[in-house]
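Here's the structure we're looking at; comments come further down.
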Amino acid sequence: MTCRICQAPTTEILDLGSSPPANALTVTADEPQTSYPLVVEWCPSCGNVQLRDALSADVLYRDYLYTTPRSPTLDAHYDILISYLRMKEILNRGTSVVEIGSNVGHFLGRLSHEASRVLGVDPAREIADEANRSGIPTIAEFFDSVSARRILQDWGRADLIVARHCLAHNESPHEMLAAAALILAEGGHLLIENAYVVNTIENIEFDQIYHEHMFYYSVTSMSALLGQHGMRLVDAWLTPVHGGSIVFVASVDDGQTVSSRVDEFLTSEASILTASSFARFAGRSHTVRKDLRDLVVGLRRAGKRVYGYGASAKGNTLLNSSAISREHIPYTVDSTPMKQGRFLPGSRIEVIPEGSSHPAPDYYLLTAWNYEAEIIRKVRDGGNRATRFIVPIPSVRVV
Ligand code: TYD
């Protein structure tokens, strides 16, 4: 097909079959659902890795249920981001901040103590309402040129735009960046955070592949993309959140110094983003799916009870692409009230609150493996010493 960043022809890397959108939990177990292909391709020309089939943002986000969990891991990450922005003098008491895809406003809540004013933009109506109720001004809109013009008129320019885990979540990052360019103040900055494709392929995180994740960025592809909008990548660094993410810092000002890290990334990516490493990734992903299915089916045959832990989006790719369903795993526990009582898309596994699985299962499949230490500690602190954990990524192991 065609690269959505530079329009060159792409090559297929991995086919995970078809799944319903990963966050489309259903109210009943037999509600009809449509599945769409999950095929990943890369562009040898600009290094972009993308989903072949993009779903419309309206299908994905208007009735979105994902709320950012309250988590010590994320709180620590927010502290690191804020310290960085202050140290680089990108953030001070005079800064106006707009966050795209601000969800319930946890990060903006922290930023509001450091900046002069904050504004959230998030298309999920219920989630934007929740943010407003908790005191974080949030408009329930897609961030595009139309809403950006309205922000410019009603609110003014932003010195800092934050786009965490959303620039990959839209068919047209061009639309989002053009809108960002409209409202950024002179000398303004853009902080973008997304899963880092090098981690995704090196750690065999094929479960990060679902319809919301339409792009898997690298410094190479992000530089190409930003360049098309008169922006320049000035820094990039890795963070462990969400199984390994990258923070990109871009500026509209040509005169800014560019960190030496940018060149270091470009050099290392040149040897990693290659046809042979993508082929290895596809092969190892297949092994994980097969091993996981064999293990879960074997445990069921031996009469063991296996539940899921974390109704994460990536868990749905993991389960559906491994052909594991409610026949094998009847329940998944999750702390998010909006997910509880619903059913996972595709596998139709019922979501129940944490701590409600009595008696505790023999095994939890850690579908939220990015919170491994935190979740195991929580289960053990709750007095459960017996349940074992199946950690699926990067290769299946039982702890
Ligand atoms: P998350 O890591 O945000 O991933 P994704 O982007 O793949 O959806 O999802 C983690 C899920 O795990 C989320 O639904 C909340 C849940 N969770 C718990 O149930 N208990 C916990 O202690 C933590 C940290 C998360």
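In the working numbering, the protein residues as written are 67 to 465.
Note that CB positions come from ideal geometry on N, CA and C, so glycine has one too.
Not one heavy atom of ligand 1 lies closer than 7 Å to the C-beta of A90. Here H295 has L243, A244, A247 as same chain residues with Cβ atoms under 7 Å from its own Cβ, once five neighbours each way along the sequence are excluded. Considering only R136, Y132, R215, the residue with the shortest C-alpha distance to P189 is Y132. With a 10 Å radius around the Cβ and a threshold of 16 neighbouring Cβ atoms, K405 comes out buried. For ligand 1, a non-hydrogen atom lies closer than 7 Å to the CB of E440. For the pair E196 and A452, the Cα-to-Cα distance works out to about 37 Å.
Boundaries for P87: no alpha helix (DSSP H) harbours it, and the DSSP string shows neither H nor E there. Scanning the region 415-465 for uninterrupted beta strand (DSSP E) segments of 3 residues or longer gives 416-419, 429-432, 454-457, listed from N- to C-terminal end. Per DSSP, G167 lies in no beta strand (DSSP E) and is assigned neither H nor E.
Contact check for I258 against A229 passes: the beta carbons are separated by less than 8 Å. In the structure shown, V285 adopts helical secondary structure according to DSSP, grouped into three states. Using a 10 angstroms sphere on the CB of K370, the tally of other CB atoms stays under 16, which defines it as exposed. D400 and E420 have their C-alpha atoms roughly 5 Å apart. Ligand 1 never approaches D119 closely enough for any of its heavy atoms to be under 7 Å from the residue's Cβ.
In this structure, V399 has its CB closer than 7 Å to one or more heavy atoms of ligand 1. The shortest C-alpha to C-alpha distance from R159 to any of P138, S182, Y150 is the one to S182. With distances taken between CA atoms, P411 lies nearest to Y276 out of T323, L218, L233, Y276.
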